[in-house]
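Everything below concerns the one structure shown next.
Protein chains: 2
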Amino acid sequence: MHKAQVTIKDIARELGISPSTVSKALKGHPDISSATKKAVKELVAKWNYKPDPIALSLKGGQSKTIGVIVPEIVHYFFSTVISGIEDLAYDSGYHVMFCQSNESYEREVKAVETLLSSRVDGILVSLCKVTRNFDHFRNITENRIPLVFFDRICDEIETDRVIVDDEAGAFEGVSHLIKSGCREIIHLSGPLNLLIAKNRMDGYVRALKENNIPVREENIVKCDTAEEARSVVPGLFDKTRKPDGIFAVNDLTAAEAMKIVKHKGYKVPDNVSIVGFTSGMISDLTDPSLTSVEQHGYIVGKEAVRLLINRIEGKEDLPCQTTIIKTELVVKGSTRKIG
Amino acid sequence: MHKAQVTIKDIARELGISPSTVSKALKGHPDISSATKKAVKELVAKWNYKPDPIALSLKGGQSKTIGVIVPEIVHYFFSTVISGIEDLAYDSGYHVMFCQSNESYEREVKAVETLLSSRVDGILVSLCKVTRNFDHFRNITENRIPLVFFDRICDEIETDRVIVDDEAGAFEGVSHLIKSGCREIIHLSGPLNLLIAKNRMDGYVRALKENNIPVREENIVKCDTAEEARSVVPGLFDKTRKPDGIFAVNDLTAAEAMKIVKHKGYKVPDNVSIVGFTSGMISDLTDPSLTSVEQHGYIVGKEAVRLLINRIEGKEDLPCQTTIIKTELVVKGSTRKIG
DNA sequence: TACCTTACCGCAAACGTTTGAAATGTTAAT
DNA sequence: ATTAACATTTCAAACGTTTGCGGTAAGGTA
Numbered sequence: 002m003h004k005a006q007v008t009i010k011d012i013a014r015e016l017g018i019s020p021s022t023v024s025k026a027l028k029g030h031p032d033i034s035s036a037t038k039k040a041v042k043e044l045v046a047k048w049n050y051k052p053d054p055i056a057l058s059l060k061g062g063q064s065k066t067i068g069v070i071v072p073e074i075v076h077y078f079f080s081t082v083i084s085g086i087e088d089l090a091y092d093s094g095y096h097v098m099f100c101q102s103n104e105s106y107e108r109e110v111k112a113v114e115t116l117l118s119s120r121v122d123g124i125l126v127s128l129c130k131v132t133r134n135f136d137h138f139r140n141i142t143e144n145r146i147p148l149v150f151f152d153r154i155c156d157e158i159e160t161d162r163v164i165v166d167d168e169a170g171a172f173e174g175v176s177h178l179i180k181s182g183c184r185e186i187i188h189l190s191g192p193l194n195l196l197i198a199k200n201r202m203d204g205y206v207r208a209l210k211e212n213n214i215p216v217r218e219e220n221i222v223k224c225d226t227a228e229e230a231r232s233v234v235p236g237l238f239d240k241t242r243k244p245d246g247i248f249a250v251n252d253l254t255a256a257e258a259m260k261i262v263k264h265k266g267y268k269v270p271d272n273v274s275i276v277g278f279t280s281g282m283i284s285d286l287t288d289p290s291l292t293s294v295e296q297h298g299y300i301v302g303k304e305a306v307r308l309l310i311n312r313i314e315g316k317e318d319l320p321c322q323t324t325i326i327k328t329e330l331v332v333k334g335s336t337r338k339i340g
Numbered sequence: 002m003h004k005a006q007v008t009i010k011d012i013a014r015e016l017g018i019s020p021s022t023v024s025k026a027l028k029g030h031p032d033i034s035s036a037t038k039k040a041v042k043e044l045v046a047k048w049n050y051k052p053d054p055i056a057l058s059l060k061g062g063q064s065k066t067i068g069v070i071v072p073e074i075v076h077y078f079f080s081t082v083i084s085g086i087e088d089l090a091y092d093s094g095y096h097v098m099f100c101q102s103n104e105s106y107e108r109e110v111k112a113v114e115t116l117l118s119s120r121v122d123g124i125l126v127s128l129c130k131v132t133r134n135f136d137h138f139r140n141i142t143e144n145r146i147p148l149v150f151f152d153r154i155c156d157e158i159e160t161d162r163v164i165v166d167d168e169a170g171a172f173e174g175v176s177h178l179i180k181s182g183c184r185e186i187i188h189l190s191g192p193l194n195l196l197i198a199k200n201r202m203d204g205y206v207r208a209l210k211e212n213n214i215p216v217r218e219e220n221i222v223k224c225d226t227a228e229e230a231r232s233v234v235p236g237l238f239d240k241t242r243k244p245d246g247i248f249a250v251n252d253l254t255a256a257e258a259m260k261i262v263k264h265k266g267y268k269v270p271d272n273v274s275i276v277g278f279t280s281g282m283i284s285d286l287t288d289p290s291l292t293s294v295e296q297h298g299y300i301v302g303k304e305a306v307r308l309l310i311n312r313i314e315g316k317e318d319l320p321c322q323t324t325i326i327k328t329e330l331v332v333k334g335s336t337r338k339i340g
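For the protein sequence lines, the chains are V and U, in the order given. Quick note: the first sequence uses this note's numbering, first residue 2, plus one each step. Quick note: the second sequence uses this note's numbering, first residue 2, plus one each step.
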């Protein structure tokens, strides 16, 4: 093997035929005699010829690559989504190119540029927390590149979307707290410019209302990281009204809150019950293990890819659609048994 | 914008010049008059022309893409490595294509095929646990594609490598346990066909020996997942000889072991001290937080990319080199204070 | 006038592949 | 013998870009 890659020309030269004959033979074109086809296929197998995807792309105008922008790969939810994306994309003959925005608006913009200049056939995005201007995404749609948002979606741009049923999931989680006896439930919330954060809060509020529990402003606290929990949670237990339940916008925050609560001397779940959101690896690490709302990230990823590829290969212009993935409450040790 | 992408031809047609002139103008070729250069650059800016990377690749024979194969993205260590890979790769003008082997040999082989047929310029690999045949990697080097192993390396193939100083890290972790008073230390080990597992065990053994503590066969147990911990760890405390320390091959196993130990009624760190390996997010979630050996995954990723790109762009054929990243013991709450 | 510079620009080939059209060769029907 | 019909193969253009070389016009020199 002195040469990097075998090309169709090498095959042609060896067989004393033209490159186009080789190409057609490989495609089973009816013009080509079966003798020639056989000879070509044998040599192709022997020399392990593989068509150059770059030349294919140049010709076909498609890169067979999809771009993905996620906030941070280290988060369990996003890594499961990525697994789903990967699996279906590769099975469908597409490659995947990842970019992390690292929760930074500038990096998100740069990621869009990178992906666009890579000529990806479509883009999958989950917004970063601080994004409030969406021009970089309009840039994508103006270039007629299909775009699908998942989880942290943008409702200012008309695209396909895949979301988790955050409102229902939150409702179910908080309802479970209520059924188990909690009456003073704290909600550790995300930034409300993110729809997922708003929807989870809405589910929290609805669960309280449907159970005739007053919704108190001071029980809804912006707190969606472990660091924030360390500065915010201790204060919540210094008032006269003692919380007996916590519903956190994600597992990491819930886990940190649990540690703080325990160190304050409360028993989990007996004095304070806790429900998180995501139900990943983290929920088994806490002690007790964390009751949490499973988001089915793998399915989210697969569905997002399915929509995107449909759009990429779609002949007709369907109206944009939004797929809602059902959540599932996974009850573990951080909430009391319901008698 | 009726057209998907502006090409150099569009620019040329609009300006009434030839495509080659446009190309040269953009490259600052001395043949081109400054007036033409100016006109071209203005229109390029106005129309937001970006050269097509696919055409560039066809011409230049390079895809400016590197492939990465990791066992599982969900593991904190690997996601930090990927962050490092991404950051440096993009800064160096390379794209990144990920494949997960999911700890499956077949998927690892398939990932290599995928990457090779994508004509990546180089490949970064961390082996999956069960791989014992390395022919698919030989395939890479035979095609003259640079290959760099990181963390879970393969010593049967001559390549650049980036490893963590597992032996020294383990030595330091176990020494810390000993200094804090532990004498009966369990090692929860990985599969010994992985060098990292063997090296960590070697560090454990050396620490015991240098402190004149007998090394007992029965104290070294294959156990590197949470599931395995649940079936293995309880048995370790049913003997007459009670362990007072645990050194686990990774944080996940350490965290699960901690839960089990606590539920058996032991205090951590007072009765049993625990040291993990990786020191990621997990180490802050356990209660108490987990003393662990930091692996600096981000640096591992950057270094691996640096070596790979050097090799891709390298004029001369340097001998293969192995970079060793120093570990760092991060002392938290699962071990007793020393002194 | 004849020749040479200089400055600028376009042509064409190349990268690997596909594909409709054209060319070649063969056979059979007129 | 001419031609139609067919089978098989090759040609050439195209995708977007780069680049060595050739070309042209303007001006300068002898």
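Just so you know, even glycine gets a beta-carbon here, dropped at the ideal spot from N, CA and C.
(message) Would Val82/U and Val301/U qualify as a contact pair, given that the criterion is a beta-carbon distance under 9 Å?
(response) yes
(message) Here's the rule I'm using: 16 or more other beta-carbon atoms within 10 Å means buried, otherwise exposed. How should Val304/V be labelled?
(response) Reading the sequence as shown, one finds Glu at residue 304/V and not Val. Buried, because 16 or more other Cβ atoms sit within 10 Å of the Cβ of Glu304/V.
(request) Could you check the C-alpha separation between Glu43/U and Val149/V for me, to the nearest Å? (result) Those two C-alpha atoms are separated by around 33 Å.
(message) Counting beta carbon pairs with one atom in the stretch 116-136 of chain U and one in the stretch 66-76 of chain U, are three or more of them shorter than 8 Å?
(response) yes
(message) Against His96/V, what residues of chain U qualify as contacts under a CB-to-CB distance less than 8 Å, listed in chain order?
(response) Met98, Thr115, Ser119
(request) Compile a chain-ordered list of the residues in the stretch 45-60 of chain V whose CB is closer than 9 Å to at least one CB of chain U. (result) Those residues of the stretch 45-60 of chain V that come within reach of chain U (Cβ to Cβ, closer than 9 Å) are Lys51, Pro52, Asp53, Pro54, Ile55, Ala56, Ser58, Leu59.
(message) Do Leu178/U and Gly277/U have their beta-carbon atoms positioned less than 9 Å apart in this structure?
(response) no
(message) I need the straight-line Cα distance from Asp88/U to Ile339/V, nearest angstrom please.
(response) 48 Å
(request) Please name the residue, chosen from Met282/V, Asp239/V, Glu185/V, Ala227/V, that lies closest to Met259/V on a Cα-to-Cα basis. (result) Taking each of Met282/V, Asp239/V, Glu185/V, Ala227/V in turn and checking the Cα distance to Met259/V, the smallest one comes out for Ala227/V.
(message) Please classify His297/V as buried or exposed, where buried requires at least 16 other C-beta atoms within 10 Å of its C-beta.
(response) buried
(request) Return the chain-ordered list of same chain residues with a C-beta closer than 7 Å to the C-beta of Ile86/V, the five sequence neighbours on each side being excluded. (result) If we look at Ile86/V and ignore the five residues flanking it on each side, its Cβ neighbours are Val69, Val97, Leu125, Gly302, Ala305, Val306.
(message) Give the list of continuous beta strand (DSSP E) stretches no shorter than 3 residues that lie fully inside the stretch 240-301 of chain U.
(response) 246-249, 274-279, 292-295
(message) Let me see if you follow: with CB-CB separation under 9 Å, is Ala305/U close to chain V or not?
(response) It does not: the Cβ of Ala305/U has no partner Cβ on chain V nearer than 9 Å.
(request) Label Asp161/U either buried or exposed according to how many other C-beta atoms from any shown protein chain fall within 10 Å of its C-beta, with 16 as the threshold for buried. (result) buried
(request) Give the residues of chain V in contact with Tyr77/U, contact being defined as C-beta atoms less than 8 Å apart. (result) Neighbours of Tyr77/U on chain V, chain order: Val75.
(request) With a threshold of 16 other CB atoms inside 10 Å of the CB of Thr323/V, please say whether the residue is buried or exposed. (result) exposed
(request) Please look up how many angstroms separate the CB atoms of Pro270/U and Arg337/U, rounded, as I've assumed it's under 8 Å. (result) 5 Å
(request) Excluding the 5 residues preceding and the 5 following Lys265/V in the sequence, name in chain order all residues of the same chain whose CB lies nearer than 8 Å to its CB. (result) Pro235, Phe238
(message) Which complete beta strand (DSSP E) runs does the stretch 119-175 of chain U hold, if anything under 3 residues is left out?
(response) 123-126, 148-151, 161-165
(message) Less than 9 Å between the beta carbons of Leu330/U and Gly182/U, yes or no?
(response) no
(request) Give every residue of the same chain whose Cβ lies closer than 6 Å to the Cβ of Met2/V, excluding the five residues on either side of it in the sequence, and list them in chain order. (result) With a pLDDT of 40 at Met2/V, under the threshold of 50, the modelled position of this residue cannot be trusted, and the question is left open.
(message) Whole angstroms are fine: how far does the CA of Thr254/U sit from the CA of Pro244/V?
(response) 33 Å
(message) So, for Leu351/U: in the same chain, excluding its five sequence neighbours on each side, which residues have a beta-carbon less than 6 Å away from its beta-carbon?
(response) Residue 351/U cannot be examined here, being either before or after the span of chain U that is shown, 2 to 340.
(message) What residue range does the beta strand (DSSP E) around Lys223/U cover?
(response) 221-223
(message) Quick check on DSSP: helix, strand or coil for Ile18/U?
(response) coil
(message) Helix, strand or coil for Ser190/V? Go by DSSP, reduced to three states.
(response) strand
(message) Please report the straight-line C-alpha distance between Ser274/U and Lys268/V, rounded to a whole angstrom.
(response) 23 Å
(message) Could you give the first and the last residue of the continuous beta strand (DSSP E) run that contains Val332/U?
(response) Premise fails: Val332/U is in no beta strand (DSSP E) and is neither H nor E.
(message) Taking only three categories from DSSP, how would you classify Ile74/V?
(response) coil
(message) I'd like to check one pair, Thr132/V with Glu109/V: are the Cβ atoms closer than 9 Å?
(response) In this structure, Glu109/V places its C-beta atom within 9 Å of the C-beta atom of Thr132/V.
(request) With DSSP collapsed to three states, give me the class of Thr226/U. (result) Coil, per DSSP.
(request) Can you grab the Cα-Cα spacing for the pair Cys321/U / Asn140/U, in whole Å? (result) 18 Å
(request) Note down, in chain order, each residue of its chain lying with its Cβ closer than 6 Å to the Cβ of Glu257/U, except the 5 sequence neighbours on either side. (result) Ala227, Ala230
(request) With 7 Å as the C-beta to C-beta threshold (strictly closer), list the residues of the stretch 251-276 of chain U near chain V in chain order. (result) Ala256, Lys260, Lys263
(request) Would you mind telling me which residues of chain V sit closer than 7 Å to Asp288/U, beta carbon to beta carbon, in chain order? (result) Lys260, Lys263, Asp288
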